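Report on the following structure.
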Amino acid sequence: MAREVTSRMNRIIELLITSKYRNLKEIADVLGITLRQIRYDIDRINSNFVNDHILMIETDNKGLIIINDMEKLKKFHLAQEKEFKCSREQRIILLTNVIAFDIEVLNLNEISKKVNVTRVTIKNDLNEVKSILSKYNLKLVYINRFYLIGDAEDIFEFRLNVLRSIEYSLYKDHFEKIENLITEYITKVFPNRRLREIIPIITNFIKANNILIKDSDLYWLIINILLVLWYIYMEIEIPNDKHRNVTVLPFDYSELFSGLEDFIGVAISNDNRIKIMKIISSVSNQDILETDNFNRKVVQYIFNLIQRFPNKYRNVFISDGMLLSGLYAHLNCCLKKIDALVDVDEINVYSIELDESLNKIIETYCNEEIEIINLSNDRDKELLKLHFASSLYRHNCNMAKRVMLISGASKFAKKRLKMVLESLFEVSVKDVISKYEIPFYEDWQDIDIILFTESIPKYFNKNIPMARIKLILDNNDISILNKLEIYPKERSIDLHELYLKLDFLKHEDQIAVIDVVSKFLEEHMVVIKNKLKRMAGYTVKIVNNINLDKSYIQLDDRIIVLFQKTDFNCVEIMVDRNVDSGVIKIMADSPVSLLFILFDCYKKFSEDGVFTLSDDNIIALADS
Numbered sequence: 007m008a009r010e011v012t013s014r015m016n017r018i019i020e021l022l023i024t025s026k027y028r029n030l031k032e033i034a035d036v037l038g039i040t041l042r043q044i045r046y047d048i049d050r051i052n053s054n055f056v057n058d059h060i061l062m063i064e065t066d067n068k069g070l071i072i073i074n075d076m077e078k079l080k081k082f083h084l085a086q087e088k089e090f091k092c093s094r095e096q097r098i099i100l101l102t103n104v105i106a107f108d109i110e111v112l113n114l115n116e117i118s119k120k121v122n123v124t125r126v127t128i129k130n131d132l133n134e135v136k137s138i139l140s141k142y143n144l145k146l147v148y149i150n151r152f153y154l155i156g157d158a159e160d161i162f163e164f165r166l167n168v169l170r171s172i173e174y175s176l177y178k179d180h181f182e183k184i185e186n187l188i189t190e191y192i193t194k195v196f197p198n199r200r201l202r203e204i205i206p207i208i209t210n211f212i213k214a215n216n217i218l219i220k221d222s223d224l225y226w227l228i229i230n231i232l233l234v235l236w237y238i239y240m241e242i243e244i245p246n247d248k249h250r251n252v253t254v255l256p257f258d259y260s261e262l263f264s265g266l267e268d269f270i271g272v273a274i275s276n277d278n279r280i281k282i283m284k285i286i287s288s289v290s291n292q293d294i295l296e297t298d299n300f301n302r303k304v305v306q307y308i309f310n311l312i313q314r315f316p317n318k319y320r321n322v323f324i325s326d327g328m329l330l331s332g333l334y335a336h337l338n339c340c341l342k343k344i345d346a347l348v349d350v351d352e353i354n355v356y357s358i359e360l361d362e363s364l365n366k367i368i369e370t371y372c373n374e375e376i377e378i379i380n381l382s383n384d385r386d387k388e389l390l391k392l393h394f395a396s397s398l399y400r401h402n403c404n405m406a407k408r409v410m411l412i413s414g415a416s417k418f419a420k421k422r423l424k425m426v427l428e429s430l431f432e433v434s435v436k437d438v439i440s441k442y443e444i445p446f447y448e449d450w451q452d453i454d455i456i457l458f459t460e461s462i463p464k465y466f467n468k469n470i471p472m473a474r475i476k477l478i479l480d481n482n483d484i485s486i487l488n489k490l491e492i493y494p495k496e497r498s499i500d501l502h503e504l505y506l507k508l509d510f511l512k513h514e515d516q517i518a519v520i521d522v523v524s525k526f527l528e529e530h531m532v533v534i535k536n537k538l539k540r541m542a543g544y545t546v547k548i549v550n551n552i553n554l555d556k557s558y559i560q561l562d563d564r565i566i567v568l569f570q571k572t573d574f575n576c577v578e579i580m581v582d583r584n585v586d587s588g589v590i591k592i593m594a595d596s597p598v599s600l601l602f603i604l605f606d607c608y609k610k611f612s613e614d615g616v617f618t619l620s621d622d623n624i625i626a627l628a629d630s
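Numbering (this note's numbering), first residue to last: 7 to 630.
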């Protein structure tokens, strides 16, 4: 007996037809469901082929999927698409799009047939749409045909929000039936052009003018420009809007307007060009780089703690960008009393026992500095130890993976993440794009792994392993990367595991072996330090004056350090040769860069007599 085919069952059939997935677990992971659910759905799909005396989809005990008649499955899928019924929410989106852009063709009988519901259902949907219109002070009236009544500014705002509801049309490869239907109505009034064709025009302009913009602002910009172009194409006067008082920024707009005129096939007047330029300038005024300064207490806490460790460990820790980044993020959470970046259950995954001397130093320091950052919670303290343990217990490296990074963050944030990935992991970031550029990217065959910094679209499927990570990597992200077989660079040794395996020796002999291995490890970590140094490269200059503010720490009786978050790495030094002391101002683009430069400067300038040298000699010392 044939059974109703649900949307999830249709999605399974679609994946079997269009993708290379032939394993139950692969499809379950894509759909975010359990193996039990997918087996149940496959049984229901097979029940539709009982009369054909065929078991359409078979699975073996290893989860391998076998399709016995692909052509019949394709015909079945096509028939299911024709019987598709859209939801009430989808019907309302369809109605609002027709009302916004093609109201003259609004015909309830025709729409009811296209979406396989009764005319009464569509009339009920229309009442809901009228309620939505009232929020914009608009009315829908019928005099031989439908009309939209209201102020021009309110109608413009309504149309803008309608475009916002079909964001998928800009980058989605495969549309559902309702999405195709909406797109048909829209495309008909956008001189038969796909909306996404405007994206390369705008993104090329953004890149050429080095504009900083997030995906959320980019989409806002795209739909505003699209709506203005529609007004121009339909020869409707564009109403005055909130951008009229915006100052136009001096970008090179020539290529942009040439591309936009090709897009709509109509010349854009000077007045309308200025309106588009103001829309662009209103977004470009927003510098999306975070301007908050680094947390002084966290920086000083990390510096003082690492300075207490023996040299053989200190040199490892100050060269480990992953450690410095993780420490800063974790202690910042502890200081602000927000949840740690690693779930407590994750602790059991790792062996976090440290050398007793390191463990004692951390315990003592945490107790002494409890007034600065309170780590009395055992979980917080154990996670702190986990960061140091992870720094010593690195996994063996693997071949570099070719990575595509898809992010809507700022230009500088994406650049930093790319540098961190390539500096600390065995990866090669082939390209960094926005999700709106996905449809235009062609070299997917050269990509091993796709990394998103935002939610992965459910309908995005390139048959390539993918995952979501944060812009600032934490232990969860490192775990995610490891599962994708992306491992930290450089071969290292698990000292704790080695120590346990030497239990057939006397304790003194165990320590002796660990000391030998530690020296070997230290030699290897010099390579990592050099790579981190290139990543966090900085320039040094001598200045006559530096204003002290609250963001400073005193490293010893000779050196005071200030720091400031910027989009570049630089060090300014004010020298007092009379008392052999100096004030150092570190400008850095990230916590890991700041901490590396801090330790690097302290190592170079902490010797007596350094600040009695000439300016040239101090700079030469910093460059050495």
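The C-beta atom is built at its ideal place from N, Cα and C for all residues, glycine as well. In this text, all values refer to a predicted model and were calculated from it rather than measured experimentally.
Would you be able to state if there are at least three C-beta pairs under 8 Å between the region 115 to 135 and the region 210 to 226? no
Would you give the residue range spanned by the alpha helix (DSSP H) that Glu660 belongs to? The first residue shown for the chain is 7 and the last is 630, placing residue 660 beyond what the model contains.
Contact between the region 365 to 379 and the region 307 to 322 is defined here as three or more beta-carbon pairs at a separation below 8 Å; is this criterion met? yes
On the DSSP bridge list, what partners appear for Leu146? DSSP lists Leu154 as the bridge partner or partners of Leu146.
Use the C-beta contact count for Trp450: other C-beta atoms within 10 angstroms, 16 or more gives buried, fewer gives exposed. exposed
Exposed unless 16 or more other CB atoms sit within 10 angstroms - verdict on Lys26: With fewer than 16 other CB atoms across the displayed protein chains lying within 10 angstroms of its CB, Lys26 is exposed.
Beta-ladder partner(s) of Arg200, from DSSP: In the DSSP output, where bridge partners are listed per residue, Arg200 has none listed.
Burial state of Val348 (16 or more Cβ within 10 Å): With a pLDDT of only 45 at Val348, under 50, the local geometry of the prediction cannot be trusted, and the value read off the model is given with reservation. Buried, by the Cβ-count rule.
Once DSSP output is grouped into helix, strand and coil, what is the label at Asp437? strand
Return helix, strand or coil for Ile244, following the three-state DSSP convention. coil
Would you kindly work out how many angstroms separate the C-alpha atoms of Leu70 and Val409, rounded to a whole number? 28 Å
What does a CB cutoff of less than 7 Å around Ile376 pick up in its chain, not counting 5 residues either side in sequence? Ser382
At what residues does the beta strand (DSSP E) containing Val11 begin and finish? Per DSSP, Val11 belongs to no beta strand (DSSP E) and is neither H nor E.
To the nearest angstrom, how far is the alpha carbon of Thr423 from that of Asp562? The sequence shown places Leu at residue 423, rather than the Thr named in the question. Rounded to the nearest angstrom, the two C-alpha atoms are 33 Å apart.
Limits of the beta strand (DSSP E) - the one that Phe569 falls within: Ile565 to Lys571
Residue(s) in a DSSP beta bridge with Pro494: According to DSSP, which records beta bridges pairwise, Pro494 is partnered with Phe431.
Beta-carbon separation (whole angstroms), Ile274 vs Phe263, contact threshold 8 Å: 6 Å
Can you tell me which residues form a DSSP beta bridge with Glu448? Answer is none; Glu448 lacks a bridge partner.
Helix, strand or coil at Tyr608 [DSSP, three-state]: Here Tyr608 sits in helix by DSSP.
Could you give the first and the last residue of the continuous alpha helix (DSSP H) run that contains Met593? No alpha helix (DSSP H) contains Met593, which is instead part of the beta strand (DSSP E) from Ser587 to Ala594.
Helix, strand or coil: how does DSSP classify Ile205 here? helix
Top-ranked residue by Cα proximity to Glu116, from Thr40, Leu187 and Asn230: Leu187
Nearest to Ile559 by alpha carbon, out of Ile212, Gly588, Phe269 and Glu64? Checked all of Ile212, Gly588, Phe269 and Glu64; the closest Cα to Ile559 is Gly588.
Please state the DSSP three-state secondary structure of Asn584. coil
Just to confirm the assignment, what range does the alpha helix (DSSP H) spanning Ile238 have? Asp221 to Tyr239
DSSP puts Asn29 in a beta bridge; with which residues? Leu70
Helix, strand or coil, according to DSSP, for Ile161 in the structure here? helix
What is the C-beta distance between Val304 and Asn278, in whole angstroms, given that I count them as a contact (C-beta under 8 Å)? In fact, because the Cβ distance is near 51 Å, the residues do not count as touching under 8 Å.
Counting along the chain, where does the beta strand (DSSP E) carrying Ile455 start and finish? Ile455 to Phe458
Three-state class that DSSP yields for Thr65 in the structure shown: strand
From the DSSP output, read off the bridge partner residues of Cys576. Thr545 and Met593
Note down the Cα distance separating Leu61 from Glu20, rounded to an integer number of angstroms. Whole-angstrom Cα-Cα distance: 18 Å.
Could you check which residue in Lys318, Glu134, Met328 and Lys194 has the C-alpha nearest to that of Leu430? The residue with the shortest Cα to Cα distance from Leu430 is Met328.
Taking all protein chains shown into account, do 16 or more other C-beta atoms lie within 10 angstroms of the C-beta of Ile212, making it buried, or fewer, making it exposed? buried
Separation of Phe257 from Arg151, as counted between CA atoms: 45 Å
Continuous beta strand (DSSP E) stretch holding Ala273: start and end: First-last for Ala273: undefined, no H or E at that position.
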